[in-house]
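Protein chains in written order, with the working numbering: chain A, 30 to 685; chain B, 23 to 180.
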């Protein structure tokens, strides 16, 4: 005979303000099989959990229903409390009366009726719950880090320095990501390359890190502790094992006018190229689309110039299969296409550039060797206008969110400009200065007070060319009057957006993403570095716009999650898996066809003499993910899903 | 859904009972998002959470209607987004077959709605609940099964 305890949480006012918890408790108290029905202000609090435990012990409860917030919030909390009180944790279920009841309904009586229905249905389920035991699965102690920017490098180094193996995959031919493109970094103005390149070298030489550059993750299978990953090694057309990176081929290549991706189209590169001089590994690749040989079938100058015969035009993409225990996704971001803002003249006027292009101009390794020169005529600009929020916080044309880094880098740009072009005048059009961070507000103050950046609060409506000057018309909202500035260069603080293929990539890896394409964390506050898929973690700007310190912090946090997973040889998993009744299984193999994970195998049942008497389906508990597709497929009702059995679900329906 | 236990609604309009079978990764999370966003929608739907739409058997739908539901909603991840890679495709195929049988078993197909709602679509969830409630309200109570049960009982008593 079941004795179910029903615990109705007020969640402060969140539930109690709409749902009459006393009426709910009384109604459930009369429900058959309920041994205790109580309400309390906060069951998730320490005294709340204690009262649940006490009630379990005192009433010898056989099951527990906590009517509270979503099971996604506190199912684990209450299952743990039940276990501590000696009850099998899988005898505890959550009835969601907050997110799906009190918060969404206006009429208190109707909400109360609905809450009673929800809880009653869950009580009927719990009556039929089974005492499940967690499943143990082995863990492959090898991590995959996807993305070789600062976040990926940090995560890889942290994991490797703790003694675990790491495979670091980067799709470009060099590590570095966006941070390698930056000139100086806020709020210290130390050179980005000086911090970044030693870390790149460290990652490439680390004995525990296997570096795969010019490679992309093609396919991910499996589950936490046991992922199977296929990586495509893109054809470099240069044998990376024999190439020494002497650079002869690069100097001889006749194609010299290809827009350099690394220099954001301000600089040029050759068809056989390394993205930048400090590239790691410093070995070139051939850009097939722009190579004369690939286009015309003639040239091969690089082949002749190579002293070691490294160039091979016949090279094909190769695939590598990896066994992986945990994945860190650190695929970074892109800058938004400024062409969305036609009124600012980006793409139309060569001297309207975005923040990343300004970084390349200001960088000592950039196309102008760190001199700030106009892309149009190579002259030093005497007056620069910076436009903040060119895309961010603009629901009509850009993105709704704040890109977080632009206030800081624009202040930095104004400072770099003041330091490099003496007497240069800068104006910054801004909406708000958001300088929250260690040393950040001091930094923007410095830009204003010491480097005389002219901050104008207001939006720019139009940029046009007049007598060789870029005319910027905006409004100064503090003075309440229109402003016009004649500038030599305009720099747009472009929004940070997800990688263009972020959504497709998320599907390959099997993680969630938001409306923009930033990857979803499992819980915004409490699990900010885990994805919704167990064993896959997030680091850096692929999750949301972030600056360098935040990216590094999240990368280290991801690494610590990976290391915690690797600290045990076996992993405990939720026992929500399919279970087959071999006595009734007819061996029709419908379940085998239905299973997305190939978790169902055919098994021979032998008699004493070893003769096969029957073949049945058998579920591999390590592979089964518990979707239950096979259960619905089963013609003989033999297979069932632990935790969501046919009996339980029918009981839930009948309990409504 | 024991109507006798229910407090009477203010108006005399018919309040349909709807059972929703949803997957935990997309639609259940979308419903949670509607809650955290404090969107308001009709209180007529009762959600039953399953790991995946692939787990939803046509028998569940029949059971809900037999129990007295006036309509049934099935909702899961968008095609291509299934947490279990393709459980929702199985559900979709199963639904196509089942739908063809609905008239045969005496259920008007418009009483069953099939939809995709992702974890990010709280607003879509709220809108869907409102529209399905209105639609089912227009169709009126589902009484065919009651009538059928009445007829069989009458025959048995002969």
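Here a beta-carbon is modelled for each residue, glycine too, at the ideal position from N, C-alpha and C.
Test item: CB-CB of residue 447/A and residue 481/A under 8 Å: yes
For residue 225/A and residue 573/A, I'd like the C-alpha separation in whole angstroms. 21 Å
DSSP beta-bridge partners of residue 353/A: 256/A
Helix or strand or just coil, what does DSSP make of residue 453/A? coil
Within the continuous alpha helix (DSSP H) that includes residue 38/B, where are the two ends? Neither: residue 38/B is in no alpha helix (DSSP H) and is coded neither H nor E.
Against chain A, with Cβ distances strictly below 8 Å, would residue 167/B count as a contact? no
Are residue 73/B and residue 617/A close, meaning C-beta to C-beta below 8 Å? no
Which residue marks the beginning of the alpha helix (DSSP H) containing residue 516/A, and which one marks its end? That residue, residue 516/A, is in no alpha helix (DSSP H); its beta strand (DSSP E) goes 510-516.
Which of helix, strand or coil DSSP assigns to residue 169/B: Of the three classes helix, strand and coil, the one that applies to residue 169/B here is helix, per DSSP.
Could you check if residue 87/A is buried or exposed, using at least 16 other CB atoms within 10 Å of its CB as the buried criterion? exposed
Give the C-beta separation of residue 694/A and residue 184/A to the nearest angstrom, bearing in mind that I take them to be a contact with Cβ-Cβ under 8 Å. Because chain A spans 30 through 685 in this model, residue 694/A falls outside it and cannot be assessed.
Is residue 19/A close to chain B, meaning its C-beta is less than 8 Å from at least one C-beta of that chain? The first residue shown for chain A is 30 and the last is 685, placing residue 19/A beyond what the model contains.
Return the residue from the list 473/A, 438/A, 484/A and 444/A that minimises the CA-CA distance to residue 460/A. Of 473/A, 438/A, 484/A and 444/A, the residue nearest in Cα terms is 484/A.
Could you check the C-alpha separation between residue 123/A and residue 73/A for me, to the nearest Å? 12 Å
Residue 325/A to residue 301/A span [Cα, whole Å]: Approximately 16 Å between the Cα atoms of the pair.
N- and C-terminal bounds of the beta strand (DSSP E) containing residue 164/A: Where residue 164/A is concerned, the enclosing beta strand (DSSP E) starts and stops at 164-167.
Going by the DSSP bridge assignment, what does residue 609/A pair with across the sheet? 668/A
Under 8 Å, Cβ to Cβ, is there at least one residue of chain A near residue 107/B? yes
Length of the line joining the Cα atoms of residue 167/B and residue 148/A: Computed Cα separation, rounded: 26 Å.
Under 8 Å Cβ-Cβ, which residues of chain B neighbour residue 41/A? Near residue 41/A there are no residues of chain B at all, since even the closest Cβ is about 15 Å away, more than 8 Å.
Span of the alpha helix (DSSP H) holding residue 58/B? 49-58
Under 8 Å by beta carbon: chain A residues contacting residue 174/B: Listed by position along chain A, the residues whose Cβ is nearer than 8 Å to that of residue 174/B form an empty set, because the closest Cβ is around 20 Å away.
Using DSSP with H/G/I as helix, E/B as strand and the rest coil, what is residue 210/A? helix
Rounded to whole angstroms, what is the Cα-Cα separation between residue 686/A and residue 491/A? Lying outside 30 to 685, the shown extent of chain A, residue 686/A is not represented and no answer is given.
Going by the beta-carbon positions, is the gap between residue 291/A and residue 353/A smaller than 8 Å? no
Alpha-carbon to alpha-carbon, residue 63/A and residue 57/A: Between residue 57/A and residue 63/A, the C-alpha separation is close to 7 Å.
Looking at the C-beta of residue 62/B, does it have a partner C-beta in chain A at a distance below 8 Å? yes
Looking at residue 59/A: is its Cβ nearer than 8 Å to the Cβ of residue 681/A? no
Element boundaries [beta strand (DSSP E), containing residue 242/A]: It spans 238-242 - the beta strand (DSSP E) in which residue 242/A sits, taken as one unbroken run.
How is the beta strand (DSSP E) around residue 412/A delimited, first residue to last? 412-419
What does the alpha-carbon distance come out to for the pair residue 666/A and residue 45/B? 21 Å
Neighbourhood of residue 477/A by C-beta, 7 Å cutoff - its chain only, sequence neighbours within 5 removed: 484
Count Cβ pairs between the region 270-285 of chain A and the region 166-174 of chain A that sit closer than 8 Å; are there 3 or more? no
Nearest residue (CA-CA) to residue 661/A, options 119/B, 42/B, 94/B and 112/B: 112/B
Which residue from 538/A, 377/A, 468/A and 601/A puts its Cα closest to that of residue 368/A? 377/A
Does the Cβ-Cβ distance between residue 386/A and residue 295/A come in under 8 Å? yes
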